[in-house]
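Numbering (this note's numbering), first residue to last: 305 to 446. For every residue, glycine included, the Cβ atom is placed at its ideal position computed from N, Cα and C.
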Amino acid sequence: MNYLDQERDVVDRGIALWDAEKPELDCSGKAITGRILSLSEIVEQAMNASLRDLGIRYSSYAIIATLRAVGAPYKMSPGQLQNTLVFSSGGISNLIRRVEKEGYITRETDPSDGRGVLVALTPRASIWPIAPCPCRPRPSCI
305 MNYLDQERDV VDRGIALWDA EKPELDCSGK AITGRILSLS EIVEQAMNAS
355 LRDLGIRYSS YAIIATLRAV GAPYKMSPGQ LQNTLVFSSG GISNLIRRVE
405 KEGYITRETD PSDGRGVLVA LTPRASIWPI APCPCRPRPS CI
């Protein structure tokens with residue numbers, strides 16, 4: 305069996321490698337998880353392509369759009385953002401730092417808890433349409 309067979313996808317080729325090296329291992333779970341991860345990458349690439357004209361990546365858009373969706377005053381704690389988005393606490397911290405450097409958000413002290421932080425949109429983030437990607441108006445909203 306040729307593990308470089310081009311009719312197989314990357315997941316099949318990886319499973320074939322393991323089957324050749326360790327046939328006693330059951331790698332059937334890789335067939336599902338590998339394709340889910342691969343599909344996730346394809347979707348993220350498509351989202352990034354659709355946002356290219358705005359000059360941002362999907363991960364930045366996700367933060368900005370979530371803050372827009374929460375409504376005025378467009379602020380959330382990092383924990384609230386993490387609970388809304390699919391990022392780890394370390395991932396959300398790094399992302400907030402990056403989007404802040406891009407000038408779309410700021411971090412400010414939470415007035416209800418002086419130890420807490422709120423992430424807020426800046427005027428720069430309001431230059432975009434409400435939903436450049438991938439939302440569309442519901443028929444009842446048109």
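Practice task
Would you please state the rounded distance, in angstroms, between the beta carbons of A429 and Y408? I believe it to be under 8 Å.
Solution key: One-based indexing of the sequence shown puts residue 429 at position 125. One-based indexing of the sequence shown puts residue 408 at position 104. 4 Å between Cβ atoms; contact.
Practice task
Assign L425 to buried or exposed, taking buried as 16 or more other Cβ atoms, counted over all protein chains shown, within 10 Å of its Cβ.
Solution key: Within the sequence shown, the letter at position 121 stands for residue 425. L425 comes out buried.
Handout entry: Residue-chain proximity (R339, chain B), Cβ-Cβ < 8 Å
Key = Absent from the structure is chain B; it holds one protein chain and no more.
Exercise for the section: Could you spell out the range, first to last residue, of the beta strand (DSSP E) harbouring G418? Expected result: Numbered from its first residue, the sequence shown carries residue 418 at position 114. Counting along the chain, the beta strand (DSSP E) containing G418 begins and ends at D417 to L425.
Practice task
Please list the segments of the alpha helix (DSSP H) lying wholly inside the stretch 339-392, counting only runs of 4 or more residues, in order along the chain.
Solution key: 362-374 and 382-388
Exercise for the section: Compute the Euclidean distance between the alpha carbons of S354 and L399, then round it to the nearest angstrom. Expected result: To locate residue 354, count along the sequence shown from 1; it is residue 50. To locate residue 399, count along the sequence shown from 1; it is residue 95. Each residue's Cα considered, the two are about 20 Å apart.
Handout entry: Alpha-carbon to alpha-carbon, N352 and S344
Key = In the sequence shown, residue 344 corresponds to position 40, counting from 1. In the sequence shown, residue 352 corresponds to position 48, counting from 1. Between S344 and N352, the C-alpha separation is close to 12 Å.
Problem - Distance CB(V315)-CB(G333) smaller than 8 Å - result: Position 11 of the sequence shown, counted from the start, is the residue given in the question as residue 315. Position 29 of the sequence shown, counted from the start, is the residue given in the question as residue 333. In this structure, V315 sits away from G333, with a CB-CB distance that is not shorter than 8 Å.
Exercise for the section: Measure from the alpha carbon of G418 to the alpha carbon of each residue in N387, S381, K405 and A350, then state which is nearest. Expected result: Along the sequence shown, one-based indexing puts residue 418 at 114. Ranking the options by Cα distance to G418, first place goes to S381.
Handout entry: Inter-residue spacing [alpha-carbon to alpha-carbon] between P441 and D357
Key = Taking the sequence shown and counting its residues from 1, one reaches residue 441 at position 137. Taking the sequence shown and counting its residues from 1, one reaches residue 357 at position 53. Here the model assigns P441 a pLDDT of 49, short of 50, so the residue's position is not dependable, and the following value carries that caveat. Cα to Cα, the separation comes out at about 21 Å.
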